[in-house]
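Peer 1: Start counting the sequence shown at 2; every next residue gets the next number (my numbering).
The C-beta atom is built at its ideal place from N, Cα and C for all residues, glycine as well.
Handing you this structure, nothing more for now.
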Amino acid sequence: MSMSMNRRQRLMATLRGEPVDRPAVSFYEIGGWILDPDDPDPFNVYNGPGWRELIQLAESATDLIRMVTPEAHPTSDNPVDTIRHIETIDQEDKRFTRTVLQVGNKTLSSTTRRDRDVATSWTIEPLLKGPEDLDLYLSLPAEFFAYTYDVVPLQKAEEALGDAGIVMVDVADPLCRAASLFDLETYTIVALTEPLRFHALLEKLAVSTYAMVTAVCERFPGRLWRIVGSEYASDPLLPPRLYREYEVRYTQPIVTTIQQSGGFARLHSHGRLRRILSDIAEMGPDGLDPIEPPPQGDMTLQEVGARIGSQTVLFGNIEVSELQQMAPEAFEMRVRKAVRQGFARDRRGFVLMPTSCPYGRTVSKRLLQNYETMVRVVEAWRV
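Structural data, given as structure tokens:
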């Protein structure tokens, strides 16, 4: 029997494991973030050629999953304003942001760089350079991490969407927050050789992470969440035994809290999945993204779906490089293959989605055409 759904209904039915009229399609960050092609800021790449058309396509034709975070406000006893100092400097086509933490008579500092024509930031100086810096960071008082959370912006974002889609609350898990304090090499060395120190860091960060998740779930229950950080404990960075130690141990409580509030927990994990998928399945997430195809990943979409079970919605599995580089005819075949594999489980539990989005200033005609193909294929894929 045929049926017709609006975009919000389709996404909610997908999350609940119910039949849908067609697969949902998301452009991830495009439509996930609110992008403004009219913002004249020289560092806003989205006012570049082709972006307006792509943004309009996402907003009008995709099943929007708007990524949101609650407003965080330091508690009255939080010393962050006296400990942390942030300065941003523009130098020609680069924007540098320097953060300094004054911990007693010592300092910790980090620097990021943003290039004018690229919508991403690079950490050129990590906050923690080694075990001594880690010990100093661990000495920060608990109050430094204490915040209250305002969900009104989340409610307003949901109201603004109406039937066009749903909101998704973003949270970095303790592992993501911990690993991001180091450069990648130092992180892996510390995680491998300093397990007691690293667990102490994870436990410290877990307190404030759990407090945020609990507070938002109490006042904004029943929504989709994205939990970021799993890939920091996957191949090739760490051996699988440490995935349970550093990811499952600290992320399972987040998944449980979200689900107990009637919400849906979507785990974000780039790269290889084969040696950690059983541990992911044990956490019982309601969704998994972005399920990168080989060679970036090491499993097909069909393999992931068969192993993780029908209770987990699959989000993916179009590589952004395929969007950018494949000829339109070949790309359409690629999209059809992904939909066949992802939508094979009783015609439910799949959202067609790229693994990320382009971050340059120009959207080529080929790129726009390939995004249009994603929409066209799912719209024709009727029950």
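1) Which residue comes first and which comes last in the beta strand (DSSP E) that contains Tyr148?
2) Taking the CB atoms as reference points, tell me whether Ser270 and Leu289 lie closer together than 8 angstroms.
3) Indicate the three-state DSSP secondary structure (helix, strand or coil) for His269 in the structure shown.
4) Which residue comes first and which comes last in the alpha helix (DSSP H) that contains Glu333?
5) In angstroms with no decimal places, state the Cα-to-Cα distance between Phe28 and Met300.
6) Let me check you understand the geometry: is the CB of Gln370 closer than 7 angstroms to at least one non-hydrogen atom of the ligand NAP?
7) What is the DSSP secondary structure of Arg346, reduced to helix, strand or coil?
8) Check whether the Cβ atoms of Gly166 and Gly223 lie closer than 8 angstroms to each other.
9) Is Gly298 near Arg273, with beta carbons less than 8 angstroms apart?
10) Could you tell me the boundaries of the alpha helix (DSSP H) in which Ser61 lies?
11) By how many angstroms is the C-alpha of Glu160 removed from the C-alpha of Trp52?
12) Taking the alpha carbon of Asp40 as the reference point, which residue from Gly32, Gly49, Lys157 has its own alpha carbon closest?
13) Mapping the DSSP letters down to three states, classify Ser122 as helix, strand or coil.
14) Report back the beta-carbon spacing between Thr124 and Val172 to the nearest angstrom; my notes put them in contact at under 8 angstroms.
15) Helix, strand or coil, according to DSSP, for Lys130 in the structure here?
16) Where does Asp116 fall in DSSP's three states?
17) Under a three-way DSSP split, which group does Glu195 fall into?
18) Can you tell me which of Val340, Arg17, Ala212 puts its alpha carbon nearest to the alpha carbon of Ala381?
19) Out of curiosity, what's the CA-to-CA distance linking Lys130 and Leu12?
20) Bridge partners for Arg99 per DSSP, in chain order?
21) With H, G and I counted as helix, E and B as strand and the rest as coil, what does DSSP make of Arg17?
22) With a threshold of 8 angstroms, are at least 3 pairs of Cβ atoms found where one atom belongs to the region 212-222 and the other to the region 176-188?
23) Using beta-carbon positions only, say whether Leu162 and Leu65 come within less than 8 angstroms of one another.
24) In angstroms with no decimal places, state the Cα-to-Cα distance between Ala212 and Asp174.
25) Between which residues of its own chain and Leu238 is the CB-CB distance below 6 angstroms, once the five residues before and five after are set aside?
26) Helix, strand or coil for Val364, going by three-state DSSP, please let me know.
27) Please classify Gly105 as buried or exposed, where buried requires at least 16 other C-beta atoms within 10 Å of its C-beta.
28) Measure the Cβ-Cβ separation of Glu60 and Leu369 and say whether it is below 8 angstroms.
29) Give a yes or no on contact between the region 190-202 and the region 144-152, applying the rule of three or more CB pairs nearer than 8 angstroms.
30) Considering only DSSP beta bridges, list what Met68 is partnered with.
31) Does the count of Cβ pairs from the region 68-85 and the region 133-151 closer than 8 angstroms reach three?
32) Assign Met284 to one of three DSSP states: helix, strand, or coil.
33) Taking the alpha-carbon of Phe97 as reference, which of Arg85, Ser77, Thr121 has the nearest alpha-carbon?
34) Taking the Cβ atom as the reference point for each residue, do Val321 and Val26 lie within a distance shorter than 8 angstroms?
35) Using a Cβ-Cβ cut-off of 6 angstroms (strictly less than) and excluding sequence neighbours within five positions of Met2, which residues of its own chain qualify?
36) Consult DSSP for Ile319 and reduce its assignment to one of helix, strand or coil.
Peer 2: On the basis of the coordinates in this document:
1) For the purposes of this step, residue 148 is taken as the residue at position 147 of the sequence shown. Per DSSP, Tyr148 belongs to the beta strand (DSSP E) from 148-151.
2) Mapped onto the sequence shown, residue 270 falls at position 269. Mapped onto the sequence shown, residue 289 falls at position 288. Their beta carbons are under 8 angstroms apart, which means Ser270 touches Leu289 by this criterion.
3) As a working mapping, residue 269 is identified with position 268 in the sequence shown. Of the three classes helix, strand and coil, the one that applies to His269 here is strand, per DSSP.
4) Mapped onto the sequence shown, residue 333 falls at position 332. That run of the alpha helix (DSSP H) goes 329-343.
5) Here the question's residue 28 lines up with position 27 in the sequence shown. Here the question's residue 300 lines up with position 299 in the sequence shown. Their backbone Cα atoms lie some 22 angstroms apart in a straight line.
6) Ligands are entirely absent from the displayed structure, and the ligand NAP is therefore not among its contents.
7) Mapped onto the sequence shown, residue 346 falls at position 345. Coil, per DSSP.
8) As a working mapping, residue 166 is identified with position 165 in the sequence shown. As a working mapping, residue 223 is identified with position 222 in the sequence shown. In this structure, Gly223 does not lie closer than 8 angstroms to Gly166 by Cβ.
9) As a first step, residue 298 is located in the sequence shown; it is residue number 297 there, counting from the start. As a first step, residue 273 is located in the sequence shown; it is residue number 272 there, counting from the start. Yes, these two residues count as a Cβ contact at 8 angstroms.
10) Looking up residue 61 in the sequence shown gives position 60. Element bounds for Ser61: 52-62.
11) Reading the sequence shown from its first residue, position 51 is the one you call residue 52. Reading the sequence shown from its first residue, position 159 is the one you call residue 160. Cα to Cα, Trp52 sits roughly 25 angstroms from Glu160.
12) Here residue 40 refers to the residue found at position 39 when the sequence shown is read from its first residue. It is Gly49 whose Cα lies nearest to the Cα of Asp40.
13) Here residue 122 is taken as the residue at index 121 of the sequence shown, counted from 1. Reduced to three states, the DSSP call for Ser122 is strand.
14) The count along the sequence shown starts at 1 and reaches residue 124 at position 123. The count along the sequence shown starts at 1 and reaches residue 172 at position 171. Wrong, their Cβ atoms sit about 20 angstroms apart, outside the cutoff.
15) Position 129 of the sequence shown, counting from 1, holds the residue named residue 130. Three-state DSSP puts Lys130 in coil, outside helix and strand.
16) The residue you call residue 116 lines up with position 115 of the sequence shown. Assignment of Asp116 by DSSP, reduced to helix, strand and coil, places it in the strand class.
17) Stepping through the sequence shown from its first residue, residue 195 is reached at position 194. Three-state result, Glu195: coil.
18) Reading the sequence shown from its first residue, position 380 is the one you call residue 381. Measuring from the Cα of Ala381, the nearest candidate turns out to be Val340.
19) To locate residue 130, count along the sequence shown from 1; it is residue 129. To locate residue 12, count along the sequence shown from 1; it is residue 11. If you take the alpha carbons of Lys130 and Leu12, they lie about 43 angstroms apart.
20) Stepping through the sequence shown from its first residue, residue 99 is reached at position 98. Bridge partners of Arg99: Glu88, Thr112.
21) Looking up residue 17 in the sequence shown gives position 16. Helix, per DSSP.
22) They do not touch, by the three-pair rule.
23) Position 161 of the sequence shown, counted from the start, is the residue given in the question as residue 162. Position 64 of the sequence shown, counted from the start, is the residue given in the question as residue 65. Cβ atoms of Leu162 and Leu65: closer than 8 angstroms.
24) To locate residue 212, count along the sequence shown from 1; it is residue 211. To locate residue 174, count along the sequence shown from 1; it is residue 173. C-alpha separation (whole angstroms): 12 angstroms.
25) One-based indexing of the sequence shown puts residue 238 at position 237. Within the same chain, Leu238 has close Cβ partners Thr189.
26) Here residue 364 refers to the residue found at position 363 of the sequence shown. Of the three classes helix, strand and coil, the one that applies to Val364 here is coil, per DSSP.
27) Working through the sequence shown from its first residue, we reach residue 105 at position 104. Gly105 should be labelled exposed.
28) For the purposes of this step, residue 60 is identified with residue 59 of the sequence shown, where counting begins at 1. For the purposes of this step, residue 369 is identified with residue 368 of the sequence shown, where counting begins at 1. Against a cut-off of 8 angstroms, the Cβ pair of Leu369 and Glu60 comes out as no contact.
29) Because the criterion of three Cβ pairs below 8 angstroms is not met, the region 190-202 and the region 144-152 do not touch.
30) Residue numbering aside, residue 68 sits at position 67 when the sequence shown is read from its first letter. Paired residues: Met169.
31) Touching, yes.
32) Sequence index remark: in the sequence shown, residue 284 carries index 283 (1-based). Of the three classes helix, strand and coil, the one that applies to Met284 here is helix, per DSSP.
33) By one-based count along the sequence shown, residue 97 stands at place 96. For the options Arg85, Ser77, Thr121, the alpha carbon positioned closest to that of Phe97 is the one of Thr121.
34) Here residue 321 refers to the residue found at position 320 when the sequence shown is read from its first residue. Here residue 26 refers to the residue found at position 25 when the sequence shown is read from its first residue. No, they are not a contact pair.
35) Taking the sequence shown and counting its residues from 1, the one referred to as residue 2 is at position 1. Here the model assigns Met2 a pLDDT of 42, short of 50, so the residue's position is not dependable, and the following value carries that caveat. The same chain holds no residue with a CB closer than 6 angstroms to that of Met2 once the five nearest residues on each side in sequence are set aside.
36) Counting from one through the sequence shown, the residue named residue 319 turns up at place 318. For Ile319, the three-state secondary structure derived from DSSP is strand.
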